[in-house]
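In full-length UniProt numbering, the protein residues as written are 1 to 328.
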């Protein structure tokens, strides 16, 4: 009776009933869409099981940029899952330290395969000769059952900076490491995965790919856009070949890149906490935001108008720039 009263109200009396039915149906579909989205969110963050990476994909994992931050944490977490590891980085001392931590440290003691885990290291400075470095990687993984590749190595301008103020050498180096290197490492690894008919590639993108912009970090943001689209395209190309390619998009994580400006908080996890959330996502969606609090950030940003996001991110970038100048 109440619905009839509403339809017959003065406000709606001139609107055809068919239009009202259409609007109600459309509203119902929108509600259903968000309800399904919410149910899926609950499932993927709380109920979906982690794949047995070693059994499904292969016994070896490669992690680039593995000496610090997210890369180191991902290597440790994969070691805890029983994966053998090829660690790639530019600092031999740090590579040895991470290798020792995996083989003898407390972190991997939860793994039933801990005593049989093997670790290889490759010294590869991705800002240097890429052809030579890729050859070293190819030689190191020859004959290995490489199941997982984590392309984590990346470079950012350490503070917010207007594009015209940046050195050309810096922009070239960011593009070289974030675009050229990830492409070439993926190529040398995926060849073996195709032969074996299985594998998983994880490319670490950034929260700016979710938002779409990051003023004062324009070149970095653009390279992460490449990572996203590169990953999504490979995901579609190789799914039928048994190879799952994924772009993970973390927002801020407490790493060497952000340590001067960020502390761990509700929205800024430690690398270890991020890795614990990220590894269970391997092999699933082509694009994802693995850390649950970051997914809340992404949702909030998705409903804000663009001018609000622009203003907020400009403030963040300017704050980084101010802190950098004060530290200097």
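In this text, a Cβ means the ideal position worked out from N, Cα and C, and glycines have one as well.
Determine the direct distance from the alpha carbon of residue 96 to that of residue 290, and round the result to whole angstroms.
So the alpha carbons of these two residues sit roughly 28 angstroms apart.
Rounded to whole angstroms, what is the Cα-Cα separation between residue 392 and residue 201?
Limits of the chain in this structure are 1 at one end and 328 at the other, which puts residue 392 out of reach.
Assign residue 214 to buried or exposed, taking buried as 16 or more other Cβ atoms, counted over all protein chains shown, within 10 Å of its Cβ.
The residue is buried, with at least 16 neighbouring Cβ atoms inside 10 Å.
Please list, in chain order, all residues of the same chain as residue 140 whose beta carbon is under 7 angstroms from its beta carbon, the five residues on each side excluded.
Setting aside the 5 residues that flank it on each side, residue 140 is surrounded in the same chain by 86, 120, 122, each with a C-beta closer than 7 angstroms to its C-beta; the list follows chain order.
Contact set for residue 59: own chain, Cβ-Cβ below 6 angstroms, skip 5 residues either direction:
Correct list, in chain order: 84, 145.
Consult DSSP for residue 156 and reduce its assignment to one of helix, strand or coil.
Of the three classes helix, strand and coil, the one that applies to residue 156 here is coil, per DSSP.
Below 8 angstroms, can you find three or more Cβ-Cβ pairs linking the stretch 265 to 277 to the stretch 224 to 242?
By the Cβ rule, the stretch 265 to 277 does not count as touching the stretch 224 to 242, because fewer than three pairs are nearer than 8 angstroms.
As an exercise, report each continuous alpha helix (DSSP H) stretch of at least 4 residues that is fully enclosed by the stretch 89 to 148, in chain order.
Counting only runs of at least 4 residues, the stretch 89 to 148 fully encloses the following alpha helix (DSSP H) elements, listed from N- to C-terminal order: 92 to 104, 130 to 140.
Residue from 187, 243, 236 with nearest C-alpha to residue 198:
Ranked by Cα distance from residue 198, the first of 187, 243, 236 is 243.
Take the Cβ of residue 33 as the centre, count every other Cβ of all protein chains shown within 10 Å, and call the residue buried at 16 or more, exposed below.
Exposed, because fewer than 16 other Cβ atoms sit within 10 Å of the Cβ of residue 33.
With 16 other CB atoms within 10 Å as the buried threshold, where does residue 194 fall?
Exposed.
Which partner residues of residue 200 appear in the DSSP bridge assignment?
Residue 200 is bridged to 148, 244.
Can you tell me whether residue 183 is helix, strand or coil according to DSSP?
Here residue 183 sits in helix by DSSP.
Do three or more CB pairs link the stretch 155 to 173 to the stretch 67 to 79 at distances below 8 angstroms?
No, they do not touch.
With distances taken Cα to Cα, identify the nearest neighbour of residue 299 among 64, 222, 174, 207.
Measuring from the Cα of residue 299, the nearest candidate turns out to be 207.
Within the same chain, show all residues whose beta-carbon is closer than 7 angstroms to that of residue 1, passing over the 5 residues directly before and after it, in chain order.
Because the pLDDT of residue 1 is 49, which lies under 50, any placement of that residue in the model is unreliable, and the number read from its coordinates should be weighed accordingly. Spatial neighbours of residue 1 in its own chain (CB-CB distance under 7 angstroms, excluding positions within 5 residues in sequence) are not present.
Check residue 341 in the structure and name its three-state DSSP category.
Here the chain has residues from 1 to 328 only, and residue 341 is not among them.
DSSP-derived helix/strand/coil call for residue 86:
Looking at residue 86 - three-state DSSP - the assignment turns out to be strand.
Residue 1 in three-state terms, based on DSSP:
Because the pLDDT at residue 1 is just 49, under 50, the model does not fix this residue reliably, and the value given afterwards should be weighed accordingly. Three-state result, residue 1: coil.
Rounded separation between residue 196 and residue 223 - CA only:
Each residue's Cα considered, the two are about 30 angstroms apart.
Chain-order list of residues whose beta-carbon lies under 8 angstroms from that of residue 283 (same chain, five-residue window excluded):
Within the same chain, Cβ atoms closer than 8 angstroms to the Cβ of residue 283 are found at 51, 53, 56, 57, 200, 244, 246, the five residues on either side in sequence being excluded.
Under DSSP, the alpha helix (DSSP H) around residue 171 begins and ends at which residues?
DSSP places residue 171 inside the alpha helix (DSSP H), whose first and last residues are 168 to 175.
Relative to the C-alpha of residue 62, which residue among 274, 186, 248, 94 is closest?
For the residues 274, 186, 248, 94, the minimum Cα distance to residue 62 belongs to 186.
Throw me the rounded Cβ distance for the residue 180 and residue 130 pair, which I believe falls under 8 angstroms.
Correct: roughly 6 angstroms between the Cβ atoms.
May I ask you to report which of helix, strand or coil DSSP gives residue 288?
If DSSP states are grouped into helix, strand and coil, residue 288 belongs with the strands.
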